[in-house]
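Heads up: the sequence shown begins at 452 in the numbering used here, then just goes up one per residue.
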Amino acid sequence: MAKYIFVTGGVTSSLGKGIVAASLAKLLQARGLRVTIQKFDPYINVDPGTLNPYEHGECYVTEDGAETDLDLGHYERFLNIFTSQANNVTTGRIYQTVIDQERQGAYLGKTVQVVPHITDEIKRRMRLLGESGQYDVVITEIGGTVGDIESLPFVESVRQLQWELPESDTVVVHLTLIPYLRAAKELKTKPTQHSVRMLSQEGVHPDVIVCRTEHSLSPELRRKIALFCNVRLEAVIESADAQTIYEVPLMMMREGLDTIVMKKLELTSNQEPDLSKWSDFLHKLKRPKHKVSIGLIGKYIELQDAYKSILEAFVHAGAIQETEVEVVNLHSEHITPSNVSEQLKGLDGLLVAPGFGHRGVEGKIEAVRYARENGLPFFGICLGMQMAAIEFARHVLHHPHAHSTEMDAKTPDPVIDLMEDQKQLQAKGGTMRLGAYPCVLKSGSLAEKIYGAERISERHRHRWEFNNRYLEAFERAGMQASGVNPDTGLVEVIELKGHPFFIGVQYHPELKSTVENPHPIFVHFIQAALHQQQLSASASPIKAALES
Ligand code: GLN
452 MAKYIFVTGG
462 VTSSLGKGIV
472 AASLAKLLQA
482 RGLRVTIQKF
492 DPYINVDPGT
502 LNPYEHGECY
512 VTEDGAETDL
522 DLGHYERFLN
532 IFTSQANNVT
542 TGRIYQTVID
552 QERQGAYLGK
562 TVQVVPHITD
572 EIKRRMRLLG
582 ESGQYDVVIT
592 EIGGTVGDIE
602 SLPFVESVRQ
612 LQWELPESDT
622 VVVHLTLIPY
632 LRAAKELKTK
642 PTQHSVRMLS
652 QEGVHPDVIV
662 CRTEHSLSPE
672 LRRKIALFCN
682 VRLEAVIESA
692 DAQTIYEVPL
702 MMMREGLDTI
712 VMKKLELTSN
722 QEPDLSKWSD
732 FLHKLKRPKH
742 KVSIGLIGKY
752 IELQDAYKSI
762 LEAFVHAGAI
772 QETEVEVVNL
782 HSEHITPSNV
792 SEQLKGLDGL
802 LVAPGFGHRG
812 VEGKIEAVRY
822 ARENGLPFFG
832 ICLGMQMAAI
842 EFARHVLHHP
852 HAHSTEMDAK
862 TPDPVIDLME
872 DQKQLQAKGG
882 TMRLGAYPCV
892 LKSGSLAEKI
902 YGAERISERH
912 RHRWEFNNRY
922 LEAFERAGMQ
932 ASGVNPDTGL
942 VEVIELKGHP
952 FFIGVQYHPE
962 LKSTVENPHP
972 IFVHFIQAAL
982 HQQQLSASAS
992 PIKAALES
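The following block contains the structure:
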């Protein structure tokens, strides 16, 4: 039987519940336990797939094609395991299930209510992964903040589960903020006391309190929190601001978070957490020997969460090469033919980001053109790959109006077109080409060299695709389709011959990059950027001498 850890949040949102949950999971995993994490989100969308990145940051996609909260990305990156549809549940999905059942007559004669019907469905899903027999521990992160109206049914479900299960099967970890008042030069515990009281009023008492703080907690303060929040002294855990999220597991280990949780769950492990690989990664991350500047061209750059997995993939791939990757955010709407060389000056590589809709695409196309013509390492992801195809069609194949039918439905040269099976679809939610698909790489291609394999599998999230009507002309002119779906013939990878590094992928490699397995395209892209840097330094020795 699995044990259940619930992680709730108090005082404010954005305290990093996902990172704390992932860190705790990492520590338990490093002791040899089989752990997974799931997130329950209180909003009414069935999944975050229909949400604008401004609302909710990146939409993370799992192997089985679920569009999920970006915290699942942290879970996978920390644990190096796959999550699935079952790992992210929203209020919308819960109600959808219950209402569907009601329509089918499952509750005949009964009034369908939040308690017990909604809470029963929440509990069923909270236990689903635990009952699969695959895990010793299931961590459930409850989205939102305790006290919100919409999170009440989730907290109530935790209360009921705690009552139903043996005492040693559940533990509640509450993450809260200890604000620092500069004028008083003091850390304040009152908001934490209130949030714990609120949680207790809802029937759940935390066993552990993790305190986010900008300053170290003194022993007196820890005692005060323990006393007024009614937890053991050793259950007050300090979570100070970290330089990088990857430090948090080690910080939590020093604070004894895993030990206190295991004690409550009566779990024994005869091994100390083995974090040697993790520490090695962290060591390299913090002491880089090189540095590259990569331009990230997107239209949501004001909001870093929109490109979370890409940024983390750079961290992973940079660290193993002892290279700091400075990501220079460039707004695609601000790039024009006349300023492109100025905007991209000094960069060692260019990544054109995924995206949807018309806004900013011309800037992306300009940036691709610059990279293609100037031998600047280029990496296009999803929409970024599509932009590379359009740029090539316009400027090399001389189709000046080439476009994607997503942006220009009447283009005479739809080099990117809607997939056949997408044409009849009306519903927006969950209907893109989603999740893992196989891809076969051409022998002798850059892609094959990067992966060191002929057959790969990567995750997708898109509706449009490369139009194979143009493939022959592309290949004749030097743009090769080096990765193709073996079942459908869809082009998944394009690369430019004779360029130092120019690759576009229709899928999202960033979703599969983890601390332990940095993604090979990111690794090779950084290598190419380093190489480019050396080349430009040797090409202008005076400039290099001046800079050193
Ligand atoms: N908008 C494009 C499509 O749907 C690209 C999507 C993406 O970049 N994820 O095909």
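For every residue, glycine included, the Cβ atom is placed at its ideal position computed from N, Cα and C. Note that the structure is a prediction, hence the values are computed from the model and not measured.
- Within the same chain, and ignoring the five residues on either side of lysine 477 in sequence, the residues whose Cβ sits closer than 6 angstroms to its Cβ are Phe529, Pro700.
- In the structure shown, the three-state DSSP call for histidine 782 is strand.
- If you draw a straight line from the Cα of glycine 800 to the Cα of leucine 981, it is about 9 angstroms long.
- Inclusion of alanine 481 and valine 458 in the CB contact set at 8 angstroms is not warranted, their separation being larger than that value.
- Every alpha helix (DSSP H) of 4 residues or more that sits fully in the segment 820-859 is shown, in chain order, as 834-846.
- Burial of glutamine 613 is indicated by the presence of at least 16 other C-beta atoms within 10 angstroms of its C-beta.
- Here threonine 548 has Glu572 as same chain residues with Cβ atoms under 7 angstroms from its own Cβ, once five neighbours each way along the sequence are excluded.
- It is roughly 6 angstroms from the alpha-carbon of threonine 487 to the alpha-carbon of isoleucine 590.
- Looking at the backbone, the Cα of histidine 507 and that of tyrosine 494 are separated by about 11 angstroms.
- Considering only Glu909, Gln877, Arg920, the residue with the shortest C-alpha distance to aspartate 868 is Arg920.
- For aspartate 620, the secondary structure class from DSSP, reduced to helix, strand or coil, is helix.
- The residues Gly460, Gly461, Val462, Leu466, Pro642, Thr643, Ser646, Val647, Ile660, Val661, Cys662, Arg663, in chain order, have a CB closer than 8 angstroms to that of threonine 627 in the same chain once the five nearest residues on each side in sequence are set aside.
- C-alpha of arginine 485 to C-alpha of proline 865: approximately 48 angstroms in a straight line.
- Note: asparagine 539 is bridge-paired with Lys490 in the DSSP secondary-structure output.
- For a cut-off of 8 angstroms, the C-beta gap from glycine 886 to threonine 513 is around 7 angstroms, short enough to register as a contact.
- If the five residues before and after isoleucine 977 are omitted, its C-beta is found closer than 7 angstroms to the C-beta atoms of Val743, Ala768, Gly769, Gln772, Thr774, Val776, all from its own chain and listed in chain order.
- Collapsing the DSSP output to three states places tyrosine 455 in a strand.
- Taking the C-beta atoms as reference points, valine 778 is found no nearer than 8 angstroms to leucine 754.
- For phenylalanine 973, the secondary structure class from DSSP, reduced to helix, strand or coil, is helix.
- For tryptophan 915, the shortest C-beta to heavy atom distance toward the ligand GLN is below 7 angstroms.
- For isoleucine 867, the enclosing beta strand (DSSP E) has its first and last residue at 865-869.
- Contact between the segment 710-722 and the segment 730-744 is absent: fewer than 3 CB-CB pairs across the two stretches fall below 8 angstroms.
- Every beta strand (DSSP E) stretch that sits fully inside the segment 937-973 and reaches 3 residues is listed by chain position as 942-947, 953-956.
- DSSP, read as helix, strand or coil, puts valine 803 in strand.
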